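Going line by line, the protein sequences match chains U and S. Numbering of the first sequence is given in this note's numbering, commencing with residue 1276 and proceeding in unit increments. Numbering of the second sequence is given in this note's numbering, commencing with residue 3 and proceeding in unit increments. Here a beta-carbon is modelled for each residue, glycine too, at the ideal position from N, C-alpha and C. The structure displayed is predicted, hence computed values, not measured ones. One structure below.
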Amino acid sequence: MSTDTSTSLPVLTANDFASDQEVRWCPGCGDYSILAQMKKVMPSLGVPREKMVFVSGIGCSSRFPYYMNTYGIHSIHGRAPAVATGLKSSRPDLMVWVITGDGDGLSIGGNHLMHAIRRNLDINIVLFNNRIYGLTKGQYSPTSPLGKVTKSTPMGAIDNPLHPLSIAIGCEGTFIARSIDTNIKHLGAMLKRAAEHRGTSFIEVYQNCNVFNDGAFDYATDRETKAETTIELEHGKPLIFGKNRDKGIRLNGMNPEIVELGKGISEDDLLFHDERAPEPSLAYLLSRMSHPEFPEPIGVFRAVDKPVYDDLLNAQIVDAKKAKGEGDLNKLFLSGDTWTVT
Amino acid sequence: MPTSTETAPDQAQHTHKPVKELVSATVRFCGDSGDGMQLAGTQFTNTSALAGNDIATFPDFPAEIRAPRGTKAGVSGFQIHFASKEIFTPGDRVDALVAFNPAALVTNLVDLVAGGILVINKDAFDEKGIKQAGYEESPLEDGSLSAYQVFPVEVTRLTRLAVDGLGLGTKESDRCRNFYAMGLVFWLYDRSLEPTLRYIEAKFGKRPEIAEANRRALKAGYNYGETTEAFASQFRVNKAELSSGLYRNIMGNEATAYGLITAAKRSNCELFLGSYPITPASDILHELAKHKNFGVRTFQAEDEIAAVTSAIGASFGGAMAITTSSGPGIALKQEAIGLAVMTELPLLIINVQRGGPSTGLPTKTEQADLLQAICGRNGECPVPVIAARSPADCFDAVQEAWRIAVRFMTPVFLLTDGYIANGSEPWKVPDVKSLGTIEVRHPGPTANGDVFHPYARDERLARPWALPGTPGLMHRIGGLEKQDITGNVNYEPANHQHMVDLRAKKVANIALDIPPQAVDGPAKGKLLVLSWGGTYGACATAAREVQAKGGSVAHAHLRYLNPFPANLGELFKNYDKVLIPELNKGQLRLLIRGEYLVDAVGLNKVQGKPFSVYELVNKINELLA
Ligand SMILES: Cc1ncc(C[n+]2csc(CCOP(=O)(O)OP(=O)(O)O)c2C)c(N)n1
Ligand code: SF4
């Protein structure tokens, strides 16, 4: 949705976006931080509260809409993207956010997530990835690593995990980003950019479930290690990481490799990030880089302009009216042959 | 058998042969699914409608798009009943059968009346065709057709001759055969060629040689009847005495789509349809997709769950939200329908029923999804259910379904079936100005600081339909149990009991808002026939037939299946026995027995076919005896 910064709007604060409902996540859950960033970003968008709708499926993360003082609908497991599709298609004036989890979005709702992204509806999807089923108390999820021991996999998970961003790119996603619950500045920036993107924006947020999968992302959040295990993407900039910013990613043929800067290798040899590349190959390649082989990219993987579903749908209505005139019931009823009985 | 009277030959308009007047006649075209039988039937239907007959049709086609040519699995048929009196069914027995090949003959002959007219495409009765149909030898030669008036016509050869010189290949020439057969049947029943000639122009005008070939084939068939010695007389069915007004022919799914567009206008809502293709419901999606100039938004979803949930999203946003499907698709939608019950959002769920369970008989009719509609969800989850009774009635049933959905803030099931959806009948076109409005209320913005209660209720227990975008009314809804009035998530035992009771009461309240159940026939008597849905025509006809012979039988047809009309229980007391005919194993009977402790008798048929009038008459007479 395009943001409108009309000056007549009252100046709101994060607090204005807090609902009167008690937040009931486990103490220490990463969801709190994401909620806090969302409330903080909202006032900066210039969109009135009543124009915002949060739609969710089922899971801990999907309780999110109850805690926002906007419109909201907590739907059924996996189906939030479809609910959002109907809402946004018929109400293009609303700003629609979809909140989902890794189980909700990729397991039961994989189909809908895929189709919402490929349609490029103007909505924002935030997938809270904790690599576990929280609400149902700790079964493995589609993003749990191989061998993960959980209540339902006492001998270890034997399903290959999914990479949410690879899927989103495969679905021709037009805005694709990743952030981390505890990296609040980065997270806020990603949410804002997603809001400003026209078309479907998809953000994966690494979220800690401290009850059933504590520490799943420690490598990416730990002060000691995060500079070595993550790499921040910036458009037009080379891929550099490391505590001393002395390492980079270089392309060797079709494959990325880690190189040390200096010793004959300069920044110019590195891979430069291009979030606007029309071809999604680079974004896909980045989405495949995972710990521990590589630092994991955070930031905007892809941001391109493509026709937006709700625009096209509504343009068809305008065109049909132009071509056939405003719908007239009499004309409709009398299309085809008629006869009169006297 | 229709009654007939001879008229003097000079009264006939186009012919020197005598014309017999009939009150009604039933004609069936049948052939391979590639032979164009549906088109032949539709053209004959439109022409008969334009001639002022009352009509009812029954298209019957195979589930396979193209079964191997000439096999029984590939037989496609179209039956039309036309009359100079009011009729309600496409006819039990066929007076004239046009069989395009042996497989079509063997599968359809049982329905032809003794002495009936049998037009056969002789060219298709070669050794291969005869074998494929399972005949030992040609039925044209073994005397097995002696009970009928058989007219073997070389349809293929004569069609090729008729189109000769237009430069068409054999395949293209043969495609005109159905027009030849139409022409012949049009002559037989003294019908005008004009509407079909217009159709040909409109349809094939851009390909003049094809248009010309079809025109020639049509006329050649007509002239064949006129000039050959084969046919001794023509038949004529005069105009029916329908109530005065402007009419058109309409199919059930078409009437449903028109009904939806109309209800959207009447309620000043934007129409949103979320749907996933399934036979026999797809045509509603197709029809609506054509009318975007009415502001109609159609969304072909990735599956049925997305179809219904997208509609729920649209409903939350204030649209007239609809989802259409058939039994298997409805099964997938049920969890979401529960969400619509919990969130108390208006939604129309249209189930064009077909034979089940599972994929069942995709192209055949059944009314076995009644319990699915009423009980098919988890928890105490009441949903109002109404059913259309005939093709044109789909229009009115939709108006009623949407009126209830917005008045009571609830999803509503509308049941139709394959038989109604694909059948057609004359529709008295409503006067748009007289349709009136369907009232929809949305609360307006509130002043800063006012608390909005999304689950406060009006006198009928409906909650407010507050739309996103309205300042001050921000609220969150969802599938978790709601606290009364505030709508906040609430698991307290007493609250859950209260809310379950409230939702049940709200749906029960609909009985106060619908007309009392009427009966056709004596107000007190020996037998009440209680029907619902697409069996209306057969039940009405059967009851009237028995009444005409002095039988003490009345007929009540239910539009409202949940809740039932308030006076229904009282009605049962006026009759000694109750008969409930259904195309299922007794689903309405179960509900009626459970609700009213009435020892109703069932007549239950699950053959993928509608009731014949005589089956019902026999059962009624048996119960009256
Ligand atoms: C149809 C259906 N199936 C199963 C469930 C049970 N269920 C609720 S949440 C959930 C998994 C949620 O996992 P995730 O999306 O990762 O969310 P989290 O709780 O971790 O935030 C499941 C299986 C349900 N509510 N509905
Ligand atoms: S179970 Fe995990 S994801 Fe759910 S609230 Fe608790 S910590 Fe958060």
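Ranked by Cα distance from S/ALA53, the first of S/THR198, S/ARG391, S/PHE102, S/THR472 is S/THR198.
Note that the region 573 to 581 of chain S does not touch the region 52 to 68 of chain S; fewer than 3 beta-carbon pairs, one per stretch, sit closer than 8 Å. Against U/ILE1442, chain S offers no close residue; the least beta-carbon distance is about 15 Å (beta-carbon pairs closer than 9 Å). The three-state secondary structure of U/MET1370, taken from DSSP, is strand.
Close partners of U/TYR1341 in chain S (Cβ separation under 7 Å): ARG478, VAL491. For U/LYS1467, the enclosing alpha helix (DSSP H) starts and ends at 1459 to 1471. Between U/ASP1586 and chain S, the shortest Cβ-Cβ separation is not below 9 Å. Proximity of chain S to U/GLY1611 at the Cβ level (cut-off 7 Å) is accounted for by ARG250, in chain order. Under DSSP, S/LEU350 forms a beta bridge with S/ILE324, S/VAL414.
Membership of S/ASN424 in the alpha helix (DSSP H) is indicated by the continuous run 420 to 424. Contact between the region 1377 to 1385 of chain U and the region 330 to 340 of chain S is absent: fewer than three C-beta pairs spanning the two stretches fall below 8 Å. Within chain S, the residues ASN295, PHE296, GLY297 have their CB atoms less than 9 Å from the CB of U/GLU1601, given in chain order. With respect to the 9 Å criterion, S/GLN549 and S/PRO524 are classified as neighbours on the basis of their beta carbons. Between the beta-carbon of S/PRO447 and that of S/HIS477 there is about 13 Å, and that puts the pair past the 8 Å contact cut. Taking the beta carbon of S/LEU341 as reference, the chain U residues within 8 Å of it are SER1350, ILE1351, listed in sequence order.
Of S/TYR226, S/PRO141, S/ILE252, S/PRO470, the smallest CA-CA separation from S/ALA51 is found for S/ILE252. As a beta-bridge residue in DSSP terms, U/ASN1399 pairs with U/TRP1372, U/SER1476. If you draw a straight line from the Cα of S/ALA542 to the Cα of S/TYR598, it is about 23 Å long. In this structure, the CA atom of S/PHE296 is about 20 Å from the CA atom of S/GLU402. In the three-state DSSP reduction, S/CYS271 falls in the coil class, being neither helix nor strand.
Annotation: S/THR109 to S/PRO61 spans about 15 Å, alpha carbon to alpha carbon. Put simply, the CB of S/LEU41 is far from chain U, with every gap to its CB atoms at 9 Å or more. Exclusion of U/GLY1422 from the 8 Å shell around ligand 2 follows from its C-beta lying no nearer than that to any non-hydrogen atom of the ligand. U/TRP1300 has a beta carbon lying at 9 Å or more from every beta carbon in chain S.
Inclusion of U/PRO1570 and U/THR1504 in the CB contact set at 9 Å is warranted, their separation being smaller than that value.
In this structure, DSSP gives S/TRP467 a state outside helix and strand, which the three-state scheme calls coil. For the options S/GLU23, S/SER175, S/TYR226, S/LEU147, the alpha carbon positioned closest to that of S/LEU186 is the one of S/TYR226. The alpha-carbon separation between U/SER1331 and U/ARG1338 amounts to approximately 7 Å.
The beta carbon of U/PRO1323 sits closer than 9 Å to some beta carbon of chain S. In this structure, U/PHE1487 has its beta carbon less than 8 Å from a heavy atom of ligand 2. With contacts defined as CB atoms closer than 9 Å, S/THR91 and S/GLY539 qualify as a contacting pair.
In the DSSP assignment, U/HIS1438 forms no beta bridge with any residue. The beta-carbon separation of S/GLY118 and S/ALA98, rounded to 6 Å, stays under the 8 Å limit for a contact.
Residues of chain U whose Cβ lies closer than 9 Å to the Cβ of S/VAL431 are, in chain order, ASN1605, PHE1608, LEU1609, THR1613. Distance from U/ILE1351 to S/GLY315 at the Cβ level is roughly 12 Å; contact not present, criterion being Cβ atoms closer than 8 Å. The residue among U/THR1500, U/THR1345, U/ARG1299, U/PHE1477 with its C-alpha nearest the C-alpha of U/PRO1318 is U/THR1345.
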